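Structure first, commentary second.
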Amino acid sequence: MIRQFTPNWFAATMGTGILALALPQVPGVGASLHPVGEALWYFNIALFTLFAGLYTARWTMFGHEARRIFGHNIAETLWWIDVAMSLACGVAIPYLMFTRHEHSLDGMTAVWLLPVVAAEVAGASGGLLAPHLADAHHQFVVLATSYVLWAYSVPVAFGILAILILRMALHKLPHESMAASSWLALGPIGTGALGMLVLGSNAPAILAANGLGQIGAVAQGIGTIAGLLLWGFGLWWLALATLITIRYWRAGIPFNLGWWGYTFPLGVSTVATFKLGTTLQLGFFGIVGTVLTVALAAMWLLVGAKTVAGGWRGNLFVSPCIAQAN
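Its first residue numbered 16, the sequence shown is counted upward by one per residue in the numbering used here.
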């Protein structure tokens, strides 16, 4: 099990974590669901710790094999580590794709988005972190860095999305094993919307505390409009991904860990929807967010059950880099 343990398993922690964040935001019943979300959050910490231990053990015991994958205040400190890793990931992996890997347009999937999305996720989390820092200057530095991270990621992701649309128009849908990848596009769209909304809502107070109060309202307005526009684009992709998924499921597709790709992108879009509702004071977004939360919870239960069953049987512990080497 340790030898075959791959980073794919961490997708389960992403899907579980975003569900834990979405549940307390459901209008009307959020307070009742808060203990459930909190329990899921602690469960997710345990899950992440387990997976991190297994993956560390793989590097310790089978480091020569694990290495092949590369051919193919404490909160603030951890956030800066995340920033450094996301910046490196956003450049290093595309560089390896450009210089060492072999790719073709017909083999492209939305998985190409994953390296560049890390930076905007760090940017959105920075917007959540900044108001809780004690020092006003630190708040400003984190806020400014978060905007840079957003710009570092989102335009590149949209460039990849444009190529992805061309790829599907010319070469049709990817192989059934990549069925869940159609939902990955919601990740940068939803995170981009959430990031602008969160940064915009916290910008006025932070900027005012640093002598830049005159641009605080501008940042808030830009954040709201940008979040709404990105949400609209995400709505188009949500409809498209739903139709693509129905087509795949009607044909029958085998389960793999890639199915966790159905959860996190949907979850971050759900959280962005709730944030739009509170920002614009429109009940419509609360209703849509509730529907998305129900869908997210159902998908999490389905994929979680299949993951436990597959893990128990052992057929999910397959490392592609070892298989290719053999």
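Cβ atoms here follow ideal geometry from the backbone N, Cα and C, with glycine treated the same way. Please read all numbers here as calculations on a predicted model, not as lab measurements.
| Query | Result |
| --- | --- |
| For G205, which of I240, E191 and P280 has the nearest alpha-carbon? | P280 |
| Under three-state DSSP, which class holds T124? | coil |
| Quick one: Cα of V213 to Cα of S196, how far? | 26 Å |
| Pairs of beta-carbons, one from the region 304-317 and one from the region 30-40, closer than 8 Å: are there three or more? | yes |
| Quick one: is W251 buried, meaning 16 or more other Cβ sit within 10 Å of its Cβ, or exposed? | exposed |
| Ordered along the chain, which non-local residues of its own chain (more than five positions away) have a Cβ less than 8 Å from that of A151? | I221, A224 and N225 |
| Under the assumption that A218 contacts A234 (Cβ atoms under 8 Å), give the Cβ distance between them as a whole number of angstroms. | 4 Å |
| Please determine, among Y110, G215, T124 and G45, the residue with the shortest C-alpha to C-alpha distance to H190. | T124 |
| Span of the alpha helix (DSSP H) holding L185? | A151 to H186 |
| Relative to the C-alpha of M193, which candidate in W264, P203 and F155 has its C-alpha closest? | W264 |
| Does G43 come out as helix, strand or coil in the three-state DSSP assignment? | coil |
| For the alpha helix (DSSP H) that contains E91, what are its first and last residues? | I89 to T114 |
| For L295 and I302, what's the separation of their Cα atoms in angstroms? | 14 Å |
| Less than 9 Å separating the beta-carbons of V51 and L62? | no |
| Count the CB pairs spanning the region 159-167 and the region 124-138 that are closer than 8 Å, and state whether there are at least three. | yes |
| Just the Cα atoms here: how many angstroms apart are W275 and A103? | 24 Å |
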